[in-house]
Every structure is written in structure tokens, then in C-alpha cells.
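J.:
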Amino acid sequence: MAHPTDDKNFRLPTTLRPRRYQATVTLDLEGRTFAGEQRVELELSQPTSEIILHANALELGEVTFRAGNDVRKPASKRVAPVSETVVLTFDAPLPAGSATLDVLWTGHFSDGLRGLYAAGQVAATQFEAADARRLFPCFDEPAFKARWALTVRVPEGHTVLGNGRVVKDEKDGALRKVTFEETELLSSYLIALVVGPLVGTPEEQVEGVPVRTWALPEKAHLAKFGQDAALQVLPRLRDYFGLPYAFGKVDQVGIPDFEAGAMENAGLITYREVALLLDPATAPLSVQKRVAEVVTHELAHQWFGNWVTMVWWDDLWLNEAFATWMAFKIVDQWRPDWRMWLDFDAHRASALALDALKSTHPIHGEVRNAGEAGESFDAITYEKGGAVLRMIEGFLGEGPFREGIRLYMRKHARANAVKEDLWNALGEAAKQPVNELATKWIGQSGFPLVSVKVEGRKVSLSQRRFYSEPGVKSPETWPVPMVLRFEDAGGVREQRVLFRDAQATVTLEGGSGDVKWLCANGGSTGFYRVAYEKPALDALAANLGTLAPSERISLLADTWALVRSAQAPVADLLDLAARFGDEEDEAVLDELVGRLGYIENRLTEGEDQERFRRWVEGLLGGGLKKLGWQAAQGEPDRVKLRRAALVRAVGGLARSPEVLAQARPLVQRMLQGDKSALDANLLDTAVGMVARAGDTALFDDLLQRMPREPDPATQRRYLMALTSFEDAKLAERAQGLLFTETVKTQDVASFATGLLGNRTGRDAWWAQLQKRWKDLVARTGAAPMLLRRVVEGLGLLRTREQLEQMKALLQANPIPEAQQATAQTLERLTQDVALRERVAPEVAAWLKRRP
């Protein structure tokens, strides 16, 4: 008879729970093996003849069960590979009550970036979602929280970091034995170890909590910014939650090869180096903001996720959506000049694009097993979830929302919770029907398209689900918290509406007379698209300067979404874009350049493409000439960012020969060591455009510099520039690098995607990729996030023939860890191909009408 553990959807029984692990692990760093011994304190709610532990690729030795004077050995140890468990069977039922389980085991470092693995000179762990079982035999589900008392035995000469402070560091024969302070109650995925030649910043304290940031010695000078960010945001997070930090200390560590951006292990946060380490004197502001946001995201998890933890992976969004929203909120408090909510809007755009597909999924959806949990780490969980929380906060008000969060944290301290626990706490604090709002937005896929017609002071609203595929219709509705912002004779006003039905008519309050313009997503805080009737759209276009930057961004994005779904002609988008020639807001320019870049890349070719580039240069080139390449003394960051956006537009998108000629000597001076040659915010674009037209000497120079560069952002800049060379022979050389150690595992997906973006090398690379697909998949080390991004990168293909080839490739070589990504990428590329066939002639006709 089959055992339940032979089902990959097997979940551990809740009748047996761990209370405490006391474990010692001995690491052989050269042989990349380990041996462990542990005692697990258990609580059995009823007698059982089995104990089931998670264990993946571990060899269990002696096992002993003790309950008082009752000492037992298992009659059998059965490995169940499908569920990654070991079933310990005993001859007679074990008694209910308290007990202990002693286990000896051995294992090997993982080959990929999960479990315990080698990242160059560093041994590090990555356990989320379900890879603690690669190092410890344990109860590896988030609901089984326990205390962990860990000891590590390693060779001398290494920094050894764990979740707790070091309480004992002693010599043990030829080894060093480090014992850590016992942890608070934690789920197994939050346990971490890092061992290697790391150096830390001097210890600094925030209200008694020691904080240090760690890196390899040659990168130690890059750790201060991340350290300062942690010091700034920790007290702000404590104030928001109304609770002290619970995990004793904060260590932040840059790992040389890392799957995700970062991991919120309690007290020991691990990061991809580019998400933690930088030199603020030379780092672009975008990199500084990203590091601050990631640091804050991981620290927010110390409360929301670590202190109160989801029961199961279907509520992963409780962790990630909240930390996403909170990071932007806290960094915005710290650095309001950074305008972080505009960055949030850019992140939200990726979720709106994904959620407009038929293959999307709800924020809260069924997760049957730990393998499926890996697919939940996407823009729906993070960005849509964060946007919905922001929308709910806007509806409830900041104060009641915060009180609800504090109530939730108090009620479920040290324990696990589900989404209803959060809604109940928010509803109790705010005295509002949160459940209605939240249940629909969290449990239902997609989002509404709200159509708007303005007649006098009457606003007619209608809603239906928005799909990016033309012709697909669905009657679903949402309770939509809307902010109507408008201008009449009395000035600019706001009116809030909870739009529940398929249709409604709203009378604008507070004045009389005609409405000059109306924005139906005031402040751009709502997670929906807006379709304005032509007169209302024309009124907005004629009053762009009166709209907030976020509203101008939404106007462009919504118009483009309607073009994609065949609900508006591309001329609407182009006519609107033509009004942005004098735009000075860098965030709006980024949105504009992104939309125009898609048109240049996918919807034009030949003479039309050249004509489009010249039109873009005419639209935005004057702004770049006015600013010039060199930043003035004391120039504000926003002016520098505007210049960077214009360089991307005129040099990158429009491929202006004049701008390229200006960039070449500046890049050369920078490579020769002149740090003043280029403003940091111009480096990525300038190096990329010069590489695109570069020769063998430049290719060789970047290839040699890249591995020696200590700054991870600079290293990544040079690495990605290698994918940009459009000389056919150099493009071919770059393709060969992917299957060498030049490209780290963490960078495989982005490098492969960069090669598909190379216009002269794309077709040859795609032909090679089809032959070496299994090699590419193997290079990811089976890391779920990297596999997803490899598949998503195929969305850069262009033709119907390539689409069919991609379908055949993924059908013949399915990737179970990326089923959602496969469906979404195929659907998106199908739409892109159809859009090209439908709209390219319209773009050509529009260009011919231009003077």
C-alpha cells in the first residue's frame, strides 16, 4: 500500500510538533560535506507509530526516541523522495506528551544556490521556501515554529555567523566550535548560517540592538551605505509596529552568488551583493534607492513574517506584499526627496501587465506543495499585493490601518496567522468592512478597467475586468476605492468614491460650473486602469502640467494598455506622447521612454524605424542639449536623473550619432580612471550604448575588468554591456561566455536575456539556445527564481516563427518549477506578435503624417 508521503502534496501531520532544536553541525569546507547531530524536543498530542521528518539528500544515522524512561529505536527508516521526507516507523505506538528525538546525519553541500552551498569562498544557506531539509532533518513547514540552539564546527580562520549572537567560541581539536544564542520561536526557513573570510563594519547600536554589515575583504569599503540604511530604518519600523526588535542583533551579509535579491533570516539577513554593497560617491541614485528599499524590506520582515508568520505558503503574500509596501513607506519617511512612491508606481506596472493576462493568478491562491511555493515569488504576490495594501490603507486612513497592524502583531506574536486574521484586526481597528474590500482583491485574479464619461458635474462610471488580449470580455466587478481629482472654477478638488457596481453615476461636489479636467485615479494609488471618453482624455492632455507626476505616468500607461488591447488606436498614444516634449519630471520621462522604446523595438523596422528614432530625437533632444552631459556644481539629484532619462531616450532609444560621439570619449576617460568624466546616473546607459557600437578592444577591456571589479553594480554594468555588442563576431563571443565561469549562477538568467535583446545577435543566439536549452537550464542550478527568469527572458523573441519554436521547445522540455512563467510568457509573446502585425502599419501611417 502506498504511504501518504509518496504524494508530492503531502503535508506533515499536526499531531506532532517540534518545540526546540539543539543541533551541532560540522562543516568540511574543502570537501563540501557536513555531519550533524541534534536533539529535537517534541510534543505529541496523541500516540503514533511514525515520526515523519523532512530530509533532502541527507543520510540519517542513529536515531533515538526518548519519553521519560521509554527509549526506542525506529524499526525502519524509509526515505520518501517525492515528499522529501524520512518516515521513522516504530514497533509500538509512541506515547502522547513531551519527548525528544536524537538524530545523527551526514550530507553534501548543494550544487545550486539552495540549502547549504558554496558561493566562491563563502559557505551560505538559503532555506526559503523549503530547503532547511537540505541541511537539517526537520519539520520544514512554516507552521512548525520552534526555538533553535545551534553550534557550528568549522576550520579556523573564518567568520561564522548565525541567527543569534555568539555565546561561546572555543577550540575543538583541529576545529573551531562556535555556539550561538538560542533563537526565538522560528520557522525552519528562517534559520541561516554563513561561514567565510568576511569582514564587518564596526558594531553600531540602535536602542540596544547591535547592527553590523559584512562583506568579503576587498568589498568591505562598500558596506557603509547598507549599514547606515539599517540604522535609519530600524527605529522607524519599531515605531510603526509599536513593538521592539525581537531577534537580538542584526547582521547583514553580502553573498557573492545568491538566487534572490535578499533573504530575511531572523537576525542574519543575506543579500545578493548588488542589493547591499555600494559606494555612494559613484553609485547611481537608482542603485542607492534600490539598496535602501531592499534593506528596509528585509528588516520589515523581522516583524511581519518572522515574529508573526504565515501558516502555509498560500499566504506568502502576507509576508511579501506587506514588506514591499512597508519598504517604500519607511524609506519615503527617511528620504522624502527620493519620491519613493513614484518608484513604487513603476514596480506596480509590472504587476498590472502580468495581471492583465488570462494566465495570471490571485494574490492568495492554492499552493499544494513546497515546490509550487517557488512560483509565488512574482509581481502579483509582491507588487500587486503591496498596491492593494496601499489602496486599503488609503480607504481606511493611515492611523486606523496602523492600529490594525499593531493589533494583528500583538494577537499573533511568536505564532502563525492567516489572511482572515489580518482582515479581522484591520476591521476591528478601523470599524470598516475590510473583509468586503480585501476578499475580492486578494482572492480574485485581475483588476478592473473603469470607463469614465464627464458631462457637466456628472461622472458616469462603468467597470469590467481588463484583459490585454483584444476581444476578451468578463463581467467581474470589484469594490474600487477611487479618488476623483478634478478642477473647476473653485480650483483643484478631490472626491472619494467606493465604486461597487458595474455602473454608477457620481455628482461632483463642492462647487458649480464646468469641470476643466478630471483624473479618475487621483494620486495614482488605485490598482485599476482608466479609459476616458475622448473629450475627457483631450482635456487631460491639454492640462498635463496641472496633473501630478504619478497621474501623468498613469495617463500614459493606461493609454498604452488600451492600445495593446485594441480599445484605442496607437495614434492616441503617439499624439499624447508628442505633448511631453517639455516634460521635466524624471519619473514621467522614464515612463515615456519605456513606452516609446517598445514601439521602436517591436513596432517599427527599416525606414519607419529610422523615421521614428528621428522623431524621438526631435521630441526630446532639445532637453538634452539644454542640460548637456556635465552636471553643474551642486546640481540637484532630480536634474541628474532627468539628464539620465534624456540620454536613454536620445542616445539609447533614438541612437543619435551625435550623442554616441559625445559618449565615447567620456566612457573612455571613465575606464581610464577619471571618476569625474561621467555622472554616476549616466554610467549604465553610456557604457551600454558605447558597447553596442564597440570594437574588439573595448570588448576585451570590459571582459578583463569585469571579474576584478569589487563594486557589484559596476561589475554587473560591465557584464551586461558584454551582451550589447552588435558586431556579429563579438555578439557570438558573448554568447559563448554564458557557459563558462565568467557568468555566475546568479547572473545566468539576466545574461541570457541580455543576449536575446541584442538585435544583431538575437537570431543566432536563439538558434543556439534551442540546441543548448538543457545546458542553460542546468546552469541555473535548478534555482526556481532563476528558472522563472530564464523562461521570462524568451519574451524578447519577436516573430511568429520564433513564437512557434518557443512553444515547441517548452512543450518538449517542460520546467515544472516555472509552469506559471511558461504560460504567462507564451501568452504575452502571442499578444506581442499579434500587436506587431496589427499596429505596425498604424505607426507607419502616423509617422508619415508628421511634418
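Residue numbering for the sequence shown is 2 to 852, as defined by our numbering.
For glycine and all other residues, C-beta sits at the position ideal for the given N, C-alpha and C.
Would you decide whether Asn-70 is buried or exposed? Buried here means 16 or more other CB atoms lie within 10 Å of its CB.
T.: Taking the first residue of the sequence shown as 1, we reach residue 70 at position 69. Asn-70 should be labelled exposed.
J.: Cα separation between Leu-720 and Gly-652?
T.: Within the sequence shown, numbered from 1, the residue matching residue 720 stands at position 719. Within the sequence shown, numbered from 1, the residue matching residue 652 stands at position 651. Cα-Cα distance, rounded: 20 Å.
J.: I think Leu-117 touches Thr-126, with their Cβ atoms under 8 Å apart; what is that distance to the nearest whole Å?
T.: In the sequence shown, counting from the first residue as 1, residue 117 sits at position 116. In the sequence shown, counting from the first residue as 1, residue 126 sits at position 125. That pair is a contact at about 5 Å.
J.: Would you mind giving the Cβ-Cβ distance between Arg-349 and Ala-324, rounded to the nearest angstrom? I have them listed as a contact below 8 Å.
T.: For this step, residue 349 is matched to residue 348 along the sequence shown. For this step, residue 324 is matched to residue 323 along the sequence shown. Actually they are not in contact, since the Cβ atoms of Arg-349 and Ala-324 sit about 15 Å apart, beyond 8 Å.
J.: Within a Cβ cutoff of 6 Å, which residues of the same chain sit near Lys-517, ignoring the five residues on either side of it in sequence?
T.: Here residue 517 is taken as the residue at index 516 of the sequence shown, counted from 1. These residues qualify, in order along the chain: Glu-488.
J.: Count Cβ pairs between the stretch 670 to 683 and the stretch 271 to 289 that sit closer than 8 Å; are there 3 or more?
T.: The stretch 670 to 683 makes contact with the stretch 271 to 289, as at least three CB pairs between them are under 8 Å.
J.: Report the three-state DSSP secondary structure of Ser-351 (helix, strand or coil).
T.: Indexing the sequence shown from 1 puts residue 351 at position 350. Helix.
J.: Quick check on this structure: which residue in Arg-166, Arg-20 and Arg-718 has the alpha carbon closest to the alpha carbon of Glu-44?
T.: The residue labelled residue 44 in the question sits at position 43 within the sequence shown. Ranking Arg-166, Arg-20 and Arg-718 by Cα distance to Glu-44 puts Arg-20 first.
J.: Is Val-292 helix, strand or coil by DSSP?
T.: As a working note, residue 292 is residue 291 in the sequence shown. Helix at Val-292.
J.: Express the C-alpha separation of Pro-785 and Phe-378 in angstroms, rounding to a whole number.
T.: Walking along the sequence shown from the start, residue 378 turns up at place 377. Walking along the sequence shown from the start, residue 785 turns up at place 784. So the two alpha carbons sit approximately 9 Å from each other.
J.: Per the DSSP calculation, Asp-539 is bridged to which residue(s)?
T.: Along the sequence shown, read from residue 1 onward, the residue named residue 539 stands at position 538. Under DSSP, Asp-539 shares a beta bridge with no residue.
J.: Leaving out five residues on either side along the sequence, give the residues of the same chain with a beta carbon under 7 Å from the beta carbon of Thr-382.
T.: Working through the sequence shown from its first residue, we reach residue 382 at position 381. Excluding sequence neighbours, Thr-382 sits near Leu-317, Trp-318, Glu-321, Ala-322 and Ile-364.
J.: So, for Gln-504: in the same chain, excluding its five sequence neighbours on each side, which residues have a beta-carbon less than 6 Å away from its beta-carbon?
T.: Within the sequence shown, numbered from 1, the residue matching residue 504 stands at position 503. Once the five neighbours on either side are set aside, the close Cβ partners of Gln-504 are Ser-463.
J.: Give me, in chain order, the residues of the same chain whose beta-carbon lies closer than 6 Å to that of Ser-50; leave out the 5 immediate sequence neighbours on both sides.
T.: As a first step, residue 50 must be located in the sequence shown, where it is residue number 49. Excluding positions up to five away in sequence, the list reads Phe-91 and Pro-94.
J.: Cutting at 6 Å between CB atoms, please list the residues of its own chain near Leu-704, excluding the five before and the five after it.
T.: Translated into the one-based positions of the sequence shown, residue 704 becomes position 703. Cβ neighbours of Leu-704 beyond the five flanking positions: none.
J.: Tell me the residue span of the alpha helix (DSSP H) that contains Arg-685.
T.: As a first step, residue 685 is located in the sequence shown; it is residue number 684 there, counting from the start. According to the sequence provided, residue 685 is Asp. The question's Arg does not apply to it. Element bounds for Asp-685: 684 to 693.
J.: Which residues in the same chain have their Cβ closer than 6 Å to the Cβ of Val-296, if we skip the five residues on either side of it in sequence?
T.: The residue given as residue 296 occupies position 295 in the sequence shown. Same-chain partners within the cutoff: Gly-227, Ala-230 and Ala-231.
J.: Specify the secondary structure class of Gly-375 as computed by DSSP and reduced to three states.
T.: Taking the first residue of the sequence shown as position 1, residue 375 is located at position 374. Three-state DSSP puts Gly-375 in a helix.
J.: Judging by CA-CA distance, which residue of Pro-666, Ala-729 and Val-481 is the nearest neighbour of Lys-441?
T.: As a working note, residue 441 is residue 440 in the sequence shown. The shortest C-alpha separation from Lys-441 is found at Val-481.
J.: With which residues is Asn-417 paired in a DSSP beta bridge?
T.: What you label residue 417 is simply residue 416 of the sequence shown in a count that begins at 1. Asn-417 pairs with Thr-310.
J.: Just mark Arg-497 as buried or exposed, buried being the case when its beta carbon has 16 or more other beta carbons within 10 Å.
T.: Mapped onto the sequence shown, residue 497 falls at position 496. Exposed is the call here.
J.: Helix, strand or coil for Phe-91? Go by DSSP, reduced to three states.
T.: Counted from its first residue, the sequence shown places residue 91 at position 90. Correct three-state label for Phe-91: strand.
J.: Helix or strand or just coil, what does DSSP make of Arg-530?
T.: On the sequence shown, residue 530 is found 529 positions in, with the first residue counted as 1. Arg-530 falls in the strand class under three-state DSSP.
J.: Using a Cβ distance threshold of 8 Å, determine whether the stretch 94 to 107 contacts the stretch 763 to 781, with at least three qualifying pairs required.
T.: no
J.: Write down the C-beta distance between Leu-194 and Gly-163 rounded to the nearest angstrom, noting that I regard them as a contact closer than 8 Å.
T.: Against the sequence shown, residue 194 aligns to sequence position 193. Against the sequence shown, residue 163 aligns to sequence position 162. Confirmed, about 6 Å.
J.: Given this structure, state the Cα-to-Cα distance separating Leu-343 from Ala-36, to the nearest angstrom.
T.: Residue 343 sits at position 342 when you count from the first residue of the sequence shown. Residue 36 sits at position 35 when you count from the first residue of the sequence shown. Rounded to whole angstroms, the gap between the alpha carbons of Leu-343 and Ala-36 is 49 Å.
J.: Quick test of your reading: Lys-172 and Thr-152, contact by CB under 8 Å. State the CB separation rounded to the nearest angstrom.
T.: Taking the first residue of the sequence shown as 1, we reach residue 172 at position 171. Taking the first residue of the sequence shown as 1, we reach residue 152 at position 151. With 8 Å as the limit, Lys-172 and Thr-152 do not qualify as a contact, their Cβ atoms being about 14 Å apart.
J.: Tell me whether the beta-carbon of Glu-552 lies closer than 9 Å to the beta-carbon of Arg-494.
T.: Translated into the one-based positions of the sequence shown, residue 552 becomes position 551. Translated into the one-based positions of the sequence shown, residue 494 becomes position 493. Result no, Cβ atoms of Glu-552 and Arg-494 do not sit closer than 9 Å.
J.: What does Ile-256 pair with, by DSSP beta-bridge criteria?
T.: If you number the sequence shown from 1, residue 256 lands on position 255. According to DSSP, Ile-256 bridges with Arg-273.
J.: Using only the alpha-carbon positions, how far apart do Gly-794 and Gly-209 sit?
T.: Locating residue 794 in the sequence shown gives position 793, counting from the first residue. Locating residue 209 in the sequence shown gives position 208, counting from the first residue. Roughly 45 Å between the two C-alpha positions.
J.: Bridge partners of Thr-107, per DSSP?
T.: Mapped onto the sequence shown, residue 107 falls at position 106. Answer is Ala-36 and Glu-60, bridged to Thr-107.
J.: By the DSSP assignment, the alpha helix (DSSP H) with Tyr-241 in it spans what residues?
T.: Position 240 of the sequence shown, counted from the start, is the residue given in the question as residue 241. 225 to 242 is the extent of the alpha helix (DSSP H) around Tyr-241.
J.: Distance, Cα to Cα, Ala-567 vs Pro-471?
T.: Reading the sequence shown from its first residue, position 566 is the one you call residue 567. Reading the sequence shown from its first residue, position 470 is the one you call residue 471. If I take the Cα positions, the gap works out to 5 Å.
J.: How about Gly-876 and Thr-214: are their beta carbons less than 9 Å apart?
T.: This structure gives no information on residue 876, because the portion of the chain shown stretches from 2 to 852.
J.: Taking the C-alpha atoms as reference points, what is the distance between Val-688 and Ala-650?
T.: Taking the sequence shown and counting its residues from 1, the one referred to as residue 688 is at position 687. Taking the sequence shown and counting its residues from 1, the one referred to as residue 650 is at position 649. Taking the Cα positions, Val-688 is about 15 Å away from Ala-650.
J.: Cα separation between Lys-1 and Arg-336?
T.: Residue 1 is absent from the structure shown; the chain starts at 2 and stops at 852.
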